[in-house]
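Enquirer:
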Amino acid sequence: MNCPIASHVSERRALLGSMGRGRFVPSNARRSSEGPSPPAPFVFAHRSSATFYLLFLLLLGVAPLANARINVTSLPGRDSVQLTIYNSADLTLVKETRLLTFRKGLNKLEFSWANTLIDPTSVEFRALTRPDEIEILDVSFPPRVTNTLEWRIQSGFAGEVTVEIRYFTSGISWSADYVAEVNQPEKLMQLAGNVRVNNNSGEDYENAAVRLVVGTIRLVENIGDLARRGQVLNKELASRLRSDGSLGTVYNVLNSDFGAFNGRMAGGAGGGAVGKEQKLREVVKEALSEYFLYSVEGRDTIPTGWSKRLPSFNTPAVPLVSLYKFETEQWGASVMRFYAFTNNTASKLGKEPLPDGAVRAYRTVTDDRLFAYVGATAVKYIPINERVEMDLGPDPGVLVKPTLMNWEKTNLAFDASGNVSGWTTKATWEIELQNSRDIDIMLDVRRNFSGDWSLETQTPFEKMDANKVKFLLPLQPREKQKLTYILTTRHGTSATR
3 MNCPIASHVS ERRALLGSMG RGRFVPSNAR RSSEGPSPPA PFVFAHRSSA
53 TFYLLFLLLL GVAPLANARI NVTSLPGRDS VQLTIYNSAD LTLVKETRLL
103 TFRKGLNKLE FSWANTLIDP TSVEFRALTR PDEIEILDVS FPPRVTNTLE
153 WRIQSGFAGE VTVEIRYFTS GISWSADYVA EVNQPEKLMQ LAGNVRVNNN
203 SGEDYENAAV RLVVGTIRLV ENIGDLARRG QVLNKELASR LRSDGSLGTV
253 YNVLNSDFGA FNGRMAGGAG GGAVGKEQKL REVVKEALSE YFLYSVEGRD
303 TIPTGWSKRL PSFNTPAVPL VSLYKFETEQ WGASVMRFYA FTNNTASKLG
353 KEPLPDGAVR AYRTVTDDRL FAYVGATAVK YIPINERVEM DLGPDPGVLV
403 KPTLMNWEKT NLAFDASGNV SGWTTKATWE IELQNSRDID IMLDVRRNFS
453 GDWSLETQTP FEKMDANKVK FLLPLQPREK QKLTYILTTR HGTSATR
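Here the numbering used here is used: the first residue of the sequence shown is 3, the next is one more, and so on.
Given below as structure tokens:
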């Protein structure tokens with residue numbers, strides 16, 4: 003005599019084993035010549051391009067398993083996906099919706115995260131339509147089946163329900179990069195920003211709305227570590243169950259308006275349809291507590307292992323300063339070249355902070371927009387109204403040459419034993435400045451001193467701290483200048499500080 007429980011276990015193993023092969027044949031089709039088929043309690047949804055599965059089980063009443071008759075059908079795919087990427091913590095909030103058909107009574111939903119970086123402790127389920135008639139009874143973790151959880155759901159009606167499944171994953175990141183096109187006099191630039199989304203999560207996300215978050219959050223545990231632990235002990239997960247059927251998350255998001263954040267995320271895709279010609283899409287920015295949220299217009303399909311580069315902004319005629327710096331203690335004899343601008347409204351920027359990223363700079367060399375590559379650098383996070391200087395490396399076209407012209411020791415003081423106890427030194431310096439370029443530049447010369455010092459010069463300077471001064475000098479094309487100063491330093495008992 004056939005044992006119905008043994009048949010059920012065998013059928014379940016055949017079902018789970020078929021996932022890896024990318025196909026599933028209903029048991030009643032395989033055994034039509036063998037008489038009545040054993041129960042087939044799982045509804046299976048399989049996507050051959052990914053390793054993320056949902057299985058929907060419809061249980062009729064509370065009859066014994068041997069008497070249940072369940073049709074094996076496919077679960078519909080995702081209706082929508084939203085990815086919100088917290089770049090600073092390797093953390094992405096995934097919200098997906100699906101349209102499911104429930105039968106009145108007991109239903110079962112199975113969630114699997116094999117070969118992905120999903121954090122199993124963060125998975126949550128809720129009904130978006132008719133939530134008062136959908137009750138999550140419990141969540142269980144089947145033995146001998148890894149990376150899987152099951153919800154038992156009681157439905158007060160038979161029909162379609164839009165549900166949301168939400169979880170955190172790692173392996174999805176984003177980065178910013180910029181292209182600066184500088185005009186020939188180096189007074190203005192066109193600044194274009196882009197964002198690149200990288201998906202190494204193990205899961206494909208089709209037709210997804212993408213949101214990017216600038217800001218830092220604190221995690222109790224690392225998501226990637228949680229995802230890579232493999233089978234999580236049932237007792238550990240069960241201890242995190244909540245009455246609403248979701249799993250307690252291990253994240254501690256400090257000082258954030260998370261409710262407002264979720265409300266914004268529920269607002270839709272932002273326009274655009276896959277497969278149709280579109281205008282240049284926009285990245286909409288808005289402040290959110292201490293974070294800043296970038297919402298990419300439209301939707302994108304981002305398969306695992308792929309990257310996508312999306313335009314963020316393009317601002318022409320941004321005021322620019324061609325700045326050169328010289329400081330022996332930091333760069334030796336080299337003169338360093340910088341492009342400086344300010345992230346404010348006067349510069350046609352200042353609407354949002356600019357994320358850190360790489361900047362590639364080009365300069366126009368002809369009127370028909372023929373460009374020469376100037377260099378590349380990395381910039382840090384640029385708040386609103388902050389000035390930024392792009393370091394483009396040394397430039398031999400500008401020369402700064404300091405020369406010690408004279409040095410003397412005066413004002414000797416002696417102690418009671420006849421030993422020198424104090425004295426004063428005077429050093430006369432001449433600094434040759436030369437601009438060999440064909441444009442106006444601004445030259446920043448910094449000099450460092452120590453001890454009790456004072457400076458005599460005809461050139462205005464700024465005292466930056468107790469031991470550093472800055473000379474800021476404009477130079478015209480092919481111009482040479484000389485900067486002269488006398489440094490007086492008091493030593494020993496002659497020092498006043």
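From the three backbone atoms N, C-alpha and C, an ideal C-beta is built for every residue, glycine too.
Count the other CB atoms, across all protein chains shown, that sit within 10 Å of the CB of Gln2; report buried if there are 16 or more and exposed otherwise.
Expert: Since the first and last residues shown for the chain are 3 and 499, residue 2 lies out of range.
Enquirer: Please report the residue range of the alpha helix (DSSP H) in which Pro192 lies.
Expert: Here residue 192 refers to the residue found at position 190 of the sequence shown. The sequence as given places Gln at residue 192; Pro does not occur at that position. Premise fails: Gln192 lies in the beta strand (DSSP E), Leu190 to Asn201, not in any alpha helix (DSSP H).
Enquirer: Quick one: using the 10 Å Cβ neighbour count with 16 as the cut-off for buried, is Arg389 buried or exposed?
Expert: The residue labelled residue 389 in the question sits at position 387 within the sequence shown. Under this definition Arg389 is an exposed residue.
Enquirer: Since Val400 contacts Met392 with CB under 8 Å, what's their CB separation in whole angstroms?
Expert: Against the sequence shown, residue 400 aligns to sequence position 398. Against the sequence shown, residue 392 aligns to sequence position 390. That pair is no contact at about 16 Å.
Enquirer: Quick one: give me the first and last residue of the beta strand (DSSP E) that Trp153 is part of.
Expert: Locating residue 153 in the sequence shown gives position 151, counting from the first residue. Per DSSP, Trp153 belongs to the beta strand (DSSP E) from Thr150 to Ser157.
Enquirer: Relative to the C-alpha of Pro355, which candidate in Thr344, Val361 and Arg362 has its C-alpha closest?
Expert: Taking the sequence shown and counting its residues from 1, the one referred to as residue 355 is at position 353. It is Thr344 whose Cα lies nearest to the Cα of Pro355.
Enquirer: Nearest CA to the CA of Gln156: which residue from Ile120, Ser177, Thr490 and Asp134?
Expert: For the purposes of this step, residue 156 is taken as the residue at position 154 of the sequence shown. Nearest of Ile120, Ser177, Thr490 and Asp134 to Gln156, Cα basis: Asp134.
Enquirer: Helix, strand or coil: how does DSSP classify Glu354 here?
Expert: The residue you call residue 354 lines up with position 352 of the sequence shown. In this structure, Glu354 counts as coil in the three-state DSSP scheme.
Enquirer: In whole angstroms, what separates the C-alpha of Tyr326 from that of Leu193?
Expert: Locating residue 326 in the sequence shown gives position 324, where the first residue counts as 1. Locating residue 193 in the sequence shown gives position 191, where the first residue counts as 1. The straight-line gap from Cα to Cα measures roughly 21 Å.
Enquirer: Specify whether the region 299 to 312 and the region 201 to 208 touch according to this definition: at least 3 beta carbon pairs, one from each stretch, less than 8 Å apart.
Expert: Because the criterion of three Cβ pairs below 8 Å is met, the region 299 to 312 and the region 201 to 208 touch.
Enquirer: Does the pairing of the region 481 to 496 with the region 419 to 432 give three or more beta-carbon distances under 8 Å?
Expert: Taking 8 Å as the limit for Cβ pairs, the verdict is that the region 419 to 432 does touch the region 481 to 496.
Enquirer: Span of the alpha helix (DSSP H) holding Glu331?
Expert: The residue given as residue 331 occupies position 329 in the sequence shown. Element bounds for Glu331: Thr330 to Trp333.
Enquirer: Could you name each continuous alpha helix (DSSP H) segment of 4 residues or more that falls completely within the region 439 to 469, going from the start of the chain to the end?
Expert: If we require 4 residues or more, the region 439 to 469 turns out to have no alpha helix (DSSP H) run fully inside it.
Enquirer: Please identify the residue among Val163, Asp140, Thr148 and Pro144 whose C-alpha is closest to the C-alpha of Arg154.
Expert: Counting from one through the sequence shown, the residue named residue 154 turns up at place 152. Of the listed residues, the one whose Cα sits closest to Arg154 is Asp140.
Enquirer: By the three-class DSSP mapping on this structure, what secondary structure does Asp134 have?
Expert: Numbered from 1 along the sequence shown, position 132 holds the residue referred to as residue 134. Helix at Asp134.
Enquirer: Measuring only the C-alpha atoms, how far is Pro321 from Met191?
Expert: Mapped onto the sequence shown, residue 321 falls at position 319. Mapped onto the sequence shown, residue 191 falls at position 189. Whole-angstrom Cα-Cα distance: 7 Å.
Enquirer: Name the DSSP beta bridge partners of Glu434, please?
Expert: Within the sequence shown, the letter at position 432 stands for residue 434. Answer is Lys403 and Lys484.
Enquirer: I need the straight-line Cα distance from Ala360 to Gly173, nearest angstrom please.
Expert: Residue 360 sits at position 358 when you count from the first residue of the sequence shown. Residue 173 sits at position 171 when you count from the first residue of the sequence shown. Their Cα atoms are separated by approximately 21 Å.
Enquirer: Measure the CB-CB distance between Thr99 and Thr171 and report whether it falls below 9 Å.
Expert: Numbered from 1 along the sequence shown, position 97 holds the residue referred to as residue 99. Numbered from 1 along the sequence shown, position 169 holds the residue referred to as residue 171. For Thr99 and Thr171, no; Cβs fall outside 9 Å.
Enquirer: First and last residue of the beta strand (DSSP E) that includes Pro313?
Expert: Stepping through the sequence shown from its first residue, residue 313 is reached at position 311. Note, Pro313: beta strand (DSSP E), Ser309 to Pro321.
Enquirer: DSSP three-state call for Thr379: helix, strand or coil?
Expert: Position 377 of the sequence shown, counted from the start, is the residue given in the question as residue 379. Here Thr379 sits in strand by DSSP.
Enquirer: Alpha carbon to alpha carbon, how far is Asp121 from Asp397?
Expert: Here residue 121 refers to the residue found at position 119 when the sequence shown is read from its first residue. Here residue 397 refers to the residue found at position 395 when the sequence shown is read from its first residue. Roughly 50 Å separates the two Cα atoms.
Enquirer: Would the region 413 to 426 count as touching the region 456 to 464 if we require 3 or more Cβ pairs under 8 Å?
Expert: Segments in contact, no.
Enquirer: For Asn408, I'd like the list of residues in its chain whose CB is within less than 8 Å of its CB, leaving aside the five on either flank, ordered along the chain.
Expert: Against the sequence shown, residue 408 aligns to sequence position 406. The residues are Lys428, Ala429 and Thr430.
Enquirer: Roughly how many angstroms lie between the CA atoms of Ser324 and Leu477, to the nearest whole one?
Expert: Against the sequence shown, residue 324 aligns to sequence position 322. Against the sequence shown, residue 477 aligns to sequence position 475. Distance between the alpha carbons of Ser324 and Leu477: 11 Å.
Enquirer: What are the boundary residues of the beta strand (DSSP E) that Lys110 is part of?
Expert: The sequence position of residue 110 within the sequence shown is 108, counting from 1. Taken as a continuous stretch (DSSP letters only), the beta strand (DSSP E) holding Lys110 covers Gly107 to Ser114.
Enquirer: On a CA-only basis, which of Leu102, Glu126 and Asp206 is nearest Glu162? Give me that one, please.
Expert: As a position in the sequence shown, residue 162 is number 160, starting the count at 1. Out of Leu102, Glu126 and Asp206, Leu102 has the C-alpha closest to the C-alpha of Glu162.
Enquirer: Expressed to the nearest angstrom, what Euclidean distance is found between the alpha-carbon atoms of Thr330 and Asp446?
Expert: Taking the sequence shown and counting its residues from 1, the one referred to as residue 330 is at position 328. Taking the sequence shown and counting its residues from 1, the one referred to as residue 446 is at position 444. Rounded to the nearest angstrom, the two C-alpha atoms are 12 Å apart.
Enquirer: Select from Ala129, Trp176, Arg132 and Thr123 the residue whose C-alpha is nearest the C-alpha of Asp92.
Expert: Within the sequence shown, the letter at position 90 stands for residue 92. Measuring from the Cα of Asp92, the nearest candidate turns out to be Trp176.
Enquirer: On a CA-only basis, which of Lys189, Ser124 and Asn469 is nearest Tyr341? Give me that one, please.
Expert: Position 339 of the sequence shown, counting from 1, holds the residue named residue 341. That would be Lys189, whose Cα lies nearest to the Cα of Tyr341.
Enquirer: Got a sec, what are the start and stop residues for the beta strand (DSSP E) Gly359 sits in?
Expert: As a working mapping, residue 359 is identified with position 357 in the sequence shown. Residues Gly359 to Thr366.
Enquirer: Could you check which residue in Pro357, Asp358 and Ala378 has the C-alpha nearest to that of Arg365?
Expert: One-based indexing of the sequence shown puts residue 365 at position 363. The option with the nearest alpha carbon to Arg365 is Ala378.
Enquirer: Assign Ser177 to one of three DSSP states: helix, strand, or coil.
Expert: Along the sequence shown, read from residue 1 onward, the residue named residue 177 stands at position 175. The answer is strand: DSSP assigns Ser177 an E or B state.
Enquirer: If you run the structure through DSSP and keep just helix, strand and coil, what is Ala418?
Expert: Within the sequence shown, residue 418 is the residue found at index 416, counting from 1. Coil, per DSSP.
Enquirer: In its own chain, which residues sit with a C-beta less than 7 Å from the C-beta of Tyr375, not counting the 5 before and 5 after it?
Expert: Mapped onto the sequence shown, residue 375 falls at position 373. Once the five neighbours on either side are set aside, the close Cβ partners of Tyr375 are Tyr364.
Enquirer: If I follow the unbroken beta strand (DSSP E) through Ile87, where does it start and stop?
Expert: Locating residue 87 in the sequence shown gives position 85, counting from the first residue. Segment Ser82 to Tyr88, the beta strand (DSSP E) holding Ile87.
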